[in-house]
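404 is the number that numbering that gives the first Met the number 0 gives to position 405 of the sequence shown; each next residue is one higher, with no gaps.
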Amino acid sequence: MKSDAIVIVGAGHAALALCAALVEAGQGHRVQLVGDEPELAYQRPPLSKSFLKNAEEATQVLRDAAWFADAGIELILGDAAIAIDRPSCTLHLRSGRALPYGQLVLATGTRARTLPDWPHAANVHLLRSAQDARRLREALSRCASVTVLGGGFIGLEVAATCAALGKPVSVLEAGPRLMGRAVSAALSAQVLERHRAAGIHIELQAQVGEPVFEAGRLRVLATSAGAREVDLLLLAIGALPNTEIAQAAGLACDNGICVDAGMRTGDPQILAVGDCVRFPWGASALRLESIQNAQDQARVAAASLLGGAPSYQPVPWFWSEQGGLRLQMVGLLEDGPLETVRREGAQPGSFSLFHYQQGRLRCVEALNAPADYMMARKLLEAGLSPPAAVVADAAQPLRALLAAAPAQAA
Ligand code: FAD
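Shown next as structure tokens:
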């Protein structure tokens, strides 16, 4: 008999948001959630921040076991999905279990990128899961100094955390600026200055040479600036989407599992959500790695599963905490000329950057300016473009802009 079960693969942020949306909708399907990590889903963002600082801090569980029991959702943890048999609508697990599905949702997230020609070394760390974070936290308590390879969000968050712990920290970034793929050059420059002022050594355009491994440890790493002894190294060079089971099942993948605006793959019975997904974006397609994206896509997928025809049209937002720096971003920059207006924040050294393209507000980046960021989010979500001259006047409260902006609607 054909199953009407909804089977979800991956028990992370997107999967949990999907479970919550299905419960909220009060739907009557059987739901099974398969996760390869052995523990209940938890908040990932603290893993590079507070969790590393405090040996006593536990993971923040998203929903406890009782919630799943009450919701009638079967939790299958510590087991991985290894194959999708599309003709028979069956998901195969590593344990040998086979789960028939009516609808299947892939929420497999990403994994940390590694350097393929590097052997395993006890003092080289990755950071994606709670298990990684526990191992890193334990090693940090014993190490004298830290090297971070990669000046993206996770690398800088860990570097700032280590600096707060009093460890000498070096960040080696191959590109010409920090967070080069995600933020404007103006924000990169400010963050570089602040981290250097806080004592973090940062090398840009650092071309890593031949590493020296000894007795199962990375001992020396050379860059264009010279060779350095390594005590502990965090590899923070980006993430790769977990698309293998989708690809093996013949679903279209291109730096992510390809879905339409309703989160459906080319197979009407299979959807995908979260970091592992590439979704339509204007004339192109996009893959995002953020809590906002995971949660909002999950709600869209729930609507699709329940027979609706939703369309994911996000105004993406993201935050990163790097020591005393709180970065908040909303909107996305596109290629092409940019007009940037700086608005000073309420606290000394705080500010927001309002980026306009073709006369239209596209993106706002805030540094320690949460109130301006929240207002900017409202403006962007409403599709409003306040005049640059008004934005630049920090004496003008942004809520006045919100009221005044409809005349400027883009
Ligand atoms: P995940 O939460 O990664 O969940 C995917 C799950 O699927 C994982 O548990 C994985 O093990 C499992 N899985 C994979 N393959 C299989 C399989 N075959 N079978 C079973 N299970 C499988 N975002 C922000 O917006 N702000 C932040 O400050 C921020 N900080 C972060 C800090 C760290 C250290 C990390 C790692 C991420 C951070 N992120 C942050 C990103 C955010 O956590 C992700 O965007 C979010 O977790 C994506 O949710 P997801 O469900 O798509 O993937």
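Cβ coordinates follow ideal geometry from the N, Cα and C atoms, glycine included.
Query: Taking all protein chains shown into account, do 16 or more other C-beta atoms lie within 10 angstroms of the C-beta of Trp316, making it buried, or fewer, making it exposed?; Result: buried
Query: What did DSSP end up calling Ile290 once you bin it into helix, strand or coil?; Result: helix
Query: Give me the residue from Asn122, Ala300 and Ile244 with the minimum Cα distance to Ile5.; Result: Ala300
Query: For Asp274, which residues from the same chain have a beta carbon less than 6 Å from its beta carbon, with the 5 sequence-adjacent residues on both sides left out?; Result: Gly108, Thr109 and Glu288
Query: In or out: Thr160 buried (at least 16 other Cβ within 10 Å) or exposed?; Result: buried
Query: Could you say which of Ala235, Gln59, Gly208 and Lys52 lies nearest to Arg127 if we only look at CA atoms?; Result: Ala235
Query: Can you name the residues that DSSP bridges to Trp280?; Result: Ser283
Query: Taking 8 Å as the threshold (C-beta atoms), are Leu220 and Val207 in contact?; Result: yes
Query: What number of angstroms, rounded off, separates the C-alpha of Ser223 from the C-alpha of Leu171?; Result: 10 Å
Query: What residues are listed by DSSP as bridge partners for Gly225?; Result: Thr222
Query: Would a check of beta-carbon distances place Glu56 closer than 8 Å to chain C?; Result: Among the protein chains of the structure shown there is no chain C, as only one such chain exists.
Query: How would you call Asp371, buried or exposed, if buried means at least 16 neighbouring beta carbons within 10 angstroms?; Result: buried
Query: Closer than 8 Å is the cut-off here; do at least three beta carbon pairs connect the segment 381–390 with the segment 346–361?; Result: yes
Query: Between the C-alpha atoms of Glu156 and Leu250, what's the straight-line distance to the nearest angstrom?; Result: 35 Å
Query: Helix, strand or coil for Thr113? Go by DSSP, reduced to three states.; Result: coil
Query: Whole angstroms is fine: what's the gap from Gln31's alpha carbon to Ala375's?; Result: 39 Å
Query: Within a Cβ cutoff of 7 Å, which residues of the same chain sit near Thr242, ignoring the five residues on either side of it in sequence?; Result: Cys252, Gly255, Ile256 and Cys275
Query: Given 8 Å as the limit, is there contact between the segment 305–312 and the segment 329–339, that is, 3 or more CB pairs closer than that?; Result: no
Query: Can you give me the Cβ contacts of Asp131 inside the same chain, cut-off strictly under 8 Å, excluding the 5 residues immediately before and after it?; Result: Leu46, Ala111, His124 and Leu125
Query: For the segment 336–375, which segments carrying the beta strand (DSSP E) assignment without a break, of at least 3 residues, lie completely within its bounds, in sequence order?; Result: 338–343, 350–356 and 359–366
Query: Could you tell me whether the Cβ atoms of Val8 and Ala70 are closer together than 8 Å?; Result: no
Query: Taking Thr58 as the reference, give the member of Arg133, Val314 and Ala260 with the closest Cα.; Result: Arg133
Query: Helix or strand or just coil, what does DSSP make of Asp171?; Result: Residue identity check: residue 171 is Leu in the sequence provided, not Asp. Note: Leu171 maps to strand in three-state DSSP.
Query: Are there 16 or more other CB atoms within 10 angstroms of the CB of His12, so buried, or fewer, so exposed?; Result: buried
Query: Asp84 bridges to which residues according to DSSP?; Result: Thr89
Query: Closer than 6 Å by C-beta to Ala138: which residues in its own chain qualify, once you throw out the five before and the five after it? Chain order, please.; Result: Leu231
Query: Is Ile75 near Ile244, with beta carbons less than 8 Å apart?; Result: no
Query: Short check: CB of Leu217 to CB of Asn292, under 8 Å?; Result: no
Query: Is Leu239 helix, strand or coil when you go by DSSP?; Result: strand
Query: So which of Arg93, Val229 and His91 has the shortest CA-CA distance to Leu148?; Result: Val229
Query: Just confirm the distance between the C-beta atoms of Ala297 and Leu17, as a whole number of angstroms; I'd bet it's less than 8 Å.; Result: 4 Å
Query: What would DSSP say about Glu192, mapped onto helix, strand or coil?; Result: helix
Query: Around the C-beta of Glu320, are 16 or more other C-beta atoms found within 10 angstroms, so that it is buried, or is it exposed?; Result: buried
Query: When you compare only the Cα positions, how much space is there between Ala80 and Leu103?; Result: 11 Å
Query: Tell me the rounded alpha-carbon separation between Asp3 and Arg93.; Result: 22 Å
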